[in-house]
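Numbering (this note's numbering), first residue to last: 15 to 481.
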């Protein structure tokens with residue numbers, strides 16, 4: 015982790031290390047500032063990094079050489095996460111090496127029962143931070159005083175206050191914000207009903223949805239925005255029964271109108287992604303819980319050099335890699351994995367006419383032979399890949415995917431021309447904020463996070479797509 019609040023420190027053990035799970039971020043911030051205000055130098059990953067030093071090495075140096083005591087924030091979340099538990103194990107080992115029984119000080123933040131606490135921490139007396147943080151802090155300060163914890167911050171209160179920059183980081187100046195939401199310009203006005211003489215089997219109904227943006231409500235009845243494709247109609251000989259203006263009715267065939275329209279919009283988008291050349295995958299993320307991930311993704315070779323072109327609102331043109339390879343270090347050596355950008359759309363809840371689509375970009379991960387990754391490999395490789403993707407990188411991918419699906423007029427269209435066509439703006443909704451965040455106060459990202467640009471051979475904001 016890293017130094018949060020403090021001055022330049024010697025290699026002496028004179029700081030307090032806070033180990034916690036992400037779900038306890040609020041308590042971690044509060045505790046770090048309160049202890050800093052008391053003069054204690056604090057290490058945790060919620061604040062400023064140590065300048066110019068490598069992040070993993072900082073964690074090792076912090077625990078091995080500079081930690082006077084480690085505070086272990088016990089919660090149900092931290093009991094199931096490897097990072098805090100790994101830090102606790104290291105802290106316990108260092109305590110044994112230094113012959114300090116209370117090197118790790120557990121803080122019970124959620125009133126955990128003894129049987130809910132990790133076995134290696136059960137013999138250690140914990141400080142209760144539930145239900146009162148204030149009472150817990152008072153007990154912790156007494157504990158630190160009893161072990162003569164060094165208070166090296168002469169300006170602790172000032173440092174604590176300056177770590178809260180909300181008032182100075184916000185200005186009363188308007189600002190336009192790019193969202194990843196897109197307005198549905200035209201929703202087909204009617205829901206059309208079709209029927210076949212012979213009931214369709216489950217397999218036929220499943221296959222039907224891969225060719226026609228429809229919803230089967232009965233084995234012989236189908237609802238859709240548009241007429242069936244000719245190949246589908248030739249095979250099944252659908253009979254048109256009529257149409258319903260969905261905005262004027264609460265339900266169709268017993269289905270809530272909005273739910274039905276949302277379902278049909280999603281079916282249209284699935285076929286649109288297929289028509290644009292994207293592939294569909296179903297993989298298992300967790301074999302024990304049988305959790306499956308279904309996602310569309312950009313296949314290798316669909317685009318020239320797998321580059322997705324993007325034009326920013328400023329008119330600046332650029333590109334990024336929609337498919338690429340990365341190297342992941344394991345205990346057995348280097349492992350190459352492949353990533354594919356994986357877009358998904360969902361209709362925002364509560365919106366109706368106009369509907370608003372939410373575009374979320376994920377990644378589809380395989381080995382270098384194209385075999386999909388499963389289980390924990392997905393999580394670790396995704397973190398490795400996306401650790402350097404900040405707002406700018408995600409914004410570029412959102413705009414790039416929308417523009418890839420759009421025509422020259424920046425509209426995403428599906429279906430025949432006229433009232434049966436679904437039309438979506440490829441320009442994101444741009445809300446206006448009355449205040450702006452002073453981005454100039456934020457430090458440049460560390461080089462270890464932006465190195466992925468170099469792996470692609472180019473920075474996303476410096477290259478024209480027609481280079």
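Here a beta-carbon is modelled for each residue, glycine too, at the ideal position from N, C-alpha and C.
All values derive from a computational prediction rather than experimental measurement.
- In the three-state reduction of the DSSP assignment, residue 76 falls in the helix class.
- Of the other Cβ atoms in all chains shown, fewer than 16 fall within 10 Å of the Cβ of residue 168; this residue is therefore exposed.
- Taking C-alpha positions only, residue 250 is separated from residue 323 by approximately 41 Å.
- Put simply, the backbone Cα of residue 212 is about 7 Å away from that of residue 234.
- Straight across, the Cα-Cα distance linking residue 362 with residue 375 is about 16 Å.
- Here residue 136 carries a coil assignment [DSSP, helix/strand/coil].
- Excluding five sequence positions before and after residue 271, the CB atoms of its chain that fall closer than 7 Å to its own CB belong to 260, 263, 264 and 265, given in chain order.
- Judged by DSSP secondary structure, residue 248 falls within the alpha helix (DSSP H) whose first and last residues are 244-250.
- Cβ-Cβ separation between residue 243 and residue 226: approximately 6 Å, consistent with a contact (criterion under 8 Å).
- When DSSP states are grouped into helix, strand and coil, residue 190 belongs to the strand group.
- By the neighbour-count criterion, in which 16 or more other beta carbons inside 10 Å mark a residue as buried, residue 122 falls on the buried side.
- By the neighbour-count criterion, in which 16 or more other beta carbons inside 10 Å mark a residue as buried, residue 415 falls on the buried side.
- A direct Cα-to-Cα measurement between residue 84 and residue 353 gives close to 38 Å.
- Shown here for residue 103: same chain residues with a beta carbon closer than 8 Å to its own, the five before and five after excluded, namely 134 in chain order.
- Between residue 293 and residue 313, the C-beta gap is smaller than 8 Å, which places the two residues in contact.
- Secondary structure at residue 97: helix, using DSSP grouped into helix, strand and coil.
- If you look at residue 200, you'll find it in the beta strand (DSSP E) that goes 195-200.
- When the five nearest sequence neighbours on each side are left out, the beta carbons in the same chain lying within less than 6 Å of the beta carbon of residue 285 are those of 227, in order along the chain.
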